[in-house]
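These notes are about the structure you will find just below.
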Amino acid sequence: MFEFFNRLFGTKPSSATAKERLRLVLLSDHLSLAPDVVEALKNDLIEVISRYCEVDAANCDVTFERQDKAVAMLANIPILGMQRPKPPAPPPAAPPQAPPGLADEPAASPALATTTPSVPEQAPAPTAKVPGKPGGSNGRRRRRKNNGVQGAPRPQPT
Amino acid sequence: MVNNVIPQETPASAPVPRKRGRAIVVTSGKGGVGKTTTTANIGAALAADGATVVLVDADVGLRNLDIVLGLEARVRHHVLDVLEGAATLDDALVTDKRVPSLRLLAAAQTREKDDVDTAAFTDLIGTLRDRFDFVLIDCPAGIEKGFTNAIAGADEAIIVCTPEVSAVRDADRVVGLLGDGRKVTLIVNRLRPALVRKGKMLSVDDVNDILHLPLLGVIADAPDVIVSTNRGEPVALDAASPIGEAYRAIARRITGASTAAPEIPREKTFFEKLFGSRS
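Protein sequence lines, in the order shown, are assigned to chains Z and W.
With this note's numbering, letter number 53 in the first sequence gets 53, and the count goes up by one each step, no holes.
With this note's numbering, letter number 142 in the second sequence gets 142, and the count goes up by one each step, no holes.
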């Protein structure tokens, strides 16, 4: 819509610029105000990624950075190795490393062991609600730049 | 809690005890957006509508509500005199002669905000709620002690915000600080419809897309307000002024007499521009 106006009149109305700048600054204001939310997000990220890879959970880092038009989430998650076996492979000797807080069933049958990641109920995930921020930008959708992880990692044929 | 001395004598002209009125703080974070003018005019409109109203100036050190209301010559005692027992509450309350159900409790001009004890001030608001239908608290700018004191006794808040990035950002911060326990509504002040139409000013929707608050009213940027402040006569008491009508509509929305959505100010027609201005 604005692009159409841009092409027509050459410039974007300053009120639109103001609104966009406000939206971005408030996003980072809220994020910096709520470290517990960032922590919850980081834990969820680690939990999901560790279903596919072995993750160095102690050295994970999630930050937000203003880039020129958007706020980018930068997640630095060291991967120690791939851990998910291919479906036809024999059951691994050691049970795949589950995220912390998950109860591994030691008496699982070998046939079930190949599909460990489909855990019925996850550990209680921290709610991503900012306490005391009723009028904030909670639940606002953000489009992120697609320069990070692209889609789900495919199992490598090695 | 604190052994503050708030006299509990029966007032001469307010014989109805134990009311449990509403305590509403008018706040913004940013200074200069029109908190004091808004407080004065909503108070005047509520009182003119028949409610008993007390306006409390919580801006200790920068007292202004008295001059905006035109009551500056009649202030004898202030809120700290009452809190410290140097004057009774009734001595400190100034009655507005235009609307006798409107009272003012002025701030101390030569003291600091840190001199006000939060618990004692909260108790004072409680005492006032027992005697008046509405206790409107004019909050100072900022988010320090003065703000904390002003919001402590209030269970409702009106955010005054102008359509500027700085005011909206500060309003957002204040909404966060007010927490979830209070009813919070929004007044967009000093809107200039012509600039909004040209895309040169944030619209009411733009502001509220960010703040997500129930809209209590929209006040246009108009000379009426400046002129009325110059004279110390609340524009809300001017039956002919459209701005006054906007304040009266806000008062009706506060009392629940009106549930209609707030009117967004429109641009003046050529005719109105030609003949509508006053000096």
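Using N, Cα and C, we set each Cβ at its ideal position, and we do this for glycine too.
### Buried/exposed call for W/Glu-112, threshold 16 Cβ in 10 Å
For the purposes of this step, residue 112 of chain W is taken as the residue at position 112 of the second sequence. So W/Glu-112 counts as exposed.
### Range covered by the alpha helix (DSSP H) that runs through W/Gly-146
Position 146 of the second sequence, counting from 1, holds the residue named residue 146 of chain W. Its alpha helix (DSSP H) spans residues 145 to 152.
### Task
Mind listing the chain Z neighbours of W/Ile-187? Cutoff is C-beta to C-beta under 8 Å, in chain order.
Counting from 1 along the second sequence, the entry for residue 187 of chain W is found at position 187. The contacting residues do not exist; W/Ile-187 stays about 14 Å from chain Z at best.
#### Entry: Separation of W/Asp-172 from Z/Ala-108, as counted between CA atoms
As a first step, residue 108 of chain Z must be located in the first sequence, where it is residue number 108. As a first step, residue 172 of chain W must be located in the second sequence, where it is residue number 172. Bear in mind that the predicted position of Z/Ala-108 carries a pLDDT of just 39, short of 50, making it unreliable; the figure below should be weighed with that in mind. Each residue's alpha carbon lies about 52 Å from the other.
### Query
What separation, rounded to the nearest whole angstrom, lies between the Cα atoms of Z/Pro-131 and W/Leu-177?
For this step, residue 131 of chain Z is matched to residue 131 along the first sequence. For this step, residue 177 of chain W is matched to residue 177 along the second sequence. With a pLDDT of 39 at Z/Pro-131, under the threshold of 50, the modelled position of that residue is not reliable, and no figure is offered here.
#### Entry: Alpha-carbon spacing of W/Pro-265 relative to W/Lys-198, whole angstroms
As a first step, residue 265 of chain W must be located in the second sequence, where it is residue number 265. As a first step, residue 198 of chain W must be located in the second sequence, where it is residue number 198. W/Pro-265 and W/Lys-198: Cα-Cα distance of roughly 15 Å.
### Query
To the nearest angstrom, how far is it from the Cα of Z/Asp-29 to the Cα of W/Val-218?
As a first step, residue 29 of chain Z must be located in the first sequence, where it is residue number 29. As a first step, residue 218 of chain W must be located in the second sequence, where it is residue number 218. Their Cα atoms are separated by approximately 26 Å.
#### Entry: Neighbour list for Z/Leu-22 in chain W, Cβ cutoff strictly below 7 Å
Residue mapping note: residue 22 of chain Z aligns to position 22 of the first sequence, counting from 1. The contacting residues are Val-165, Val-168, Arg-169, Ile-210.
### Query
Which of helix, strand or coil does DSSP assign to W/Lys-200?
Numbered from 1 along the second sequence, position 200 holds the residue referred to as residue 200 of chain W. Three-state result, W/Lys-200: coil.
### Message
Contact criterion: CB-CB distance below 8 Å. Does W/Gly-142 meet it with respect to chain Z?
### Response
Within the second sequence, numbered from 1, the residue matching residue 142 of chain W stands at position 142. For W/Gly-142, the answer is no, since every Cβ of chain Z falls outside 8 Å of its Cβ.
#### Entry: W/Glu-72 in three-state terms, based on DSSP
As a position in the second sequence, residue 72 of chain W is number 72, starting the count at 1. Looking at W/Glu-72 - three-state DSSP - the assignment turns out to be helix.
### Query
Opposite W/Cys-161 in the DSSP bridges: which residues?
Taking the first residue of the second sequence as 1, we reach residue 161 of chain W at position 161. W/Val-188.
### Task
Classify W/Phe-270 as helix, strand or coil using the three-state DSSP reduction.
Counting from 1 along the second sequence, the entry for residue 270 of chain W is found at position 270. Helix at W/Phe-270.
### Query
Alpha carbon to alpha carbon, how far is W/Pro-234 from W/Pro-223?
On the second sequence, position 234 is the one that residue 234 of chain W refers to. On the second sequence, position 223 is the one that residue 223 of chain W refers to. The straight-line gap from Cα to Cα measures roughly 13 Å.
#### Entry: Straight-line Cα distance separating W/Ala-257 from W/Arg-63
Here residue 63 of chain W refers to the residue found at position 63 when the second sequence is read from its first residue. Here residue 257 of chain W refers to the residue found at position 257 when the second sequence is read from its first residue. Spanning the two alpha carbons is a distance of roughly 32 Å.
### Query
Given that a residue counts as buried once 16 or more other Cβ atoms are within 10 Å of its Cβ, and exposed if not, what is Z/Asp-61?
Here residue 61 of chain Z refers to the residue found at position 61 when the first sequence is read from its first residue. The residue is exposed, with fewer than 16 neighbouring Cβ atoms inside 10 Å.
### N- and C-terminal bounds of the alpha helix (DSSP H) containing W/Gly-126
The residue given as residue 126 of chain W occupies position 126 in the second sequence. Where W/Gly-126 is concerned, the enclosing alpha helix (DSSP H) stretches over 118 to 129.
### Task
State the Cα-Cα distance for the pair W/Leu-186 and W/Phe-147, rounded to the nearest angstrom.
Translated into positions along the second sequence, residue 186 of chain W becomes position 186. Translated into positions along the second sequence, residue 147 of chain W becomes position 147. In a straight line, the C-alpha of W/Leu-186 is about 17 Å away from that of W/Phe-147.
### Message
In the DSSP assignment, the beta strand (DSSP E) including W/Val-227 goes from what residue to what residue?
### Response
In the second sequence, residue 227 of chain W corresponds to position 227, counting from 1. No beta strand (DSSP E) holds W/Val-227; the alpha helix (DSSP H) holding it covers 223 to 231.
### Per-residue burial, W/Glu-263 [other beta carbons within 10 Å of its own, 16 or more giving buried]
Here residue 263 of chain W is taken as the residue at index 263 of the second sequence, counted from 1. Under this definition W/Glu-263 is an exposed residue.
### Task
Return helix, strand or coil for Z/Arg-21, following the three-state DSSP convention.
For the purposes of this step, residue 21 of chain Z is taken as residue 21 along the first sequence, with counting starting at 1. Three-state result, Z/Arg-21: helix.
### Task
Determine the extent of the alpha helix (DSSP H) in which W/Leu-83 is found, giving its start and end residues.
As a working mapping, residue 83 of chain W is identified with position 83 in the second sequence. Here the alpha helix (DSSP H) through W/Leu-83 covers 79 to 83.
### CA nearest to the CA of W/Thr-27, picked from W/Phe-121, W/Thr-36, W/His-78, W/Val-79
Stepping through the second sequence from its first residue, residue 27 of chain W is reached at position 27. Nearest of W/Phe-121, W/Thr-36, W/His-78, W/Val-79 to W/Thr-27, Cα basis: W/Thr-36.
### Query
CB W/Asp-114 to CB W/Lys-145, shorter than 8 Å?
Along the second sequence, read from residue 1 onward, the residue named residue 114 of chain W stands at position 114. Along the second sequence, read from residue 1 onward, the residue named residue 145 of chain W stands at position 145. Yes, the pair counts as a contact, with Cβ atoms nearer than the cut-off.
#### Entry: the segment 50 to 65 of chain W touching the segment 99 to 106 of chain W, judged by at least three CB pairs closer than 8 Å
yes
### Query
Taking the alpha carbon of W/Ile-143 as the point to measure from, which residue in W/Phe-275, W/Ser-203, W/Ala-220, W/Val-175 has its own alpha carbon closest?
Translated into positions along the second sequence, residue 143 of chain W becomes position 143. For the residues W/Phe-275, W/Ser-203, W/Ala-220, W/Val-175, the minimum Cα distance to W/Ile-143 belongs to W/Val-175.
### Message
Check whether chain Z comes within 8 Å of W/Asp-283, counting only Cβ atoms and requiring the distance to be less than that.
### Response
The requested residue 283 of chain W is not part of the displayed model; chain W covers only 1 to 279.
#### Entry: Cβ separation of W/Asp-81 and W/Ala-73, assumed to be a contact under 8 Å, to the nearest whole Å
The count along the second sequence starts at 1 and reaches residue 81 of chain W at position 81. The count along the second sequence starts at 1 and reaches residue 73 of chain W at position 73. Going by Cβ atoms, the distance from W/Asp-81 to W/Ala-73 rounds to 17 Å, so no, they are not a contact pair.
#### Entry: With 16 other Cβ atoms within 10 Å as the buried cut-off, status of W/Ile-226
For this step, residue 226 of chain W is matched to residue 226 along the second sequence. Exposed, since its Cβ has fewer than 16 Cβ neighbours within 10 Å.
### Task
Please confirm whether W/Arg-129 and W/Gly-21 have their CB atoms less than 8 Å apart.
Here residue 129 of chain W refers to the residue found at position 129 when the second sequence is read from its first residue. Here residue 21 of chain W refers to the residue found at position 21 when the second sequence is read from its first residue. Yes, these two residues count as a Cβ contact at 8 Å.
### Task
Report the rounded CA-to-CA distance for W/Gly-61 versus W/Arg-131, giving the unit in angstroms.
The residue you call residue 61 of chain W lines up with position 61 of the second sequence. The residue you call residue 131 of chain W lines up with position 131 of the second sequence. Near 26 Å, if we compare the C-alpha coordinates of W/Arg-131 and W/Gly-61.
### Message
Would you say Z/Ser-15 lies against chain W (beta-carbon separation less than 8 Å)?
### Response
Residue numbering aside, residue 15 of chain Z sits at position 15 when the first sequence is read from its first letter. So yes, Z/Ser-15 belongs to the interface.
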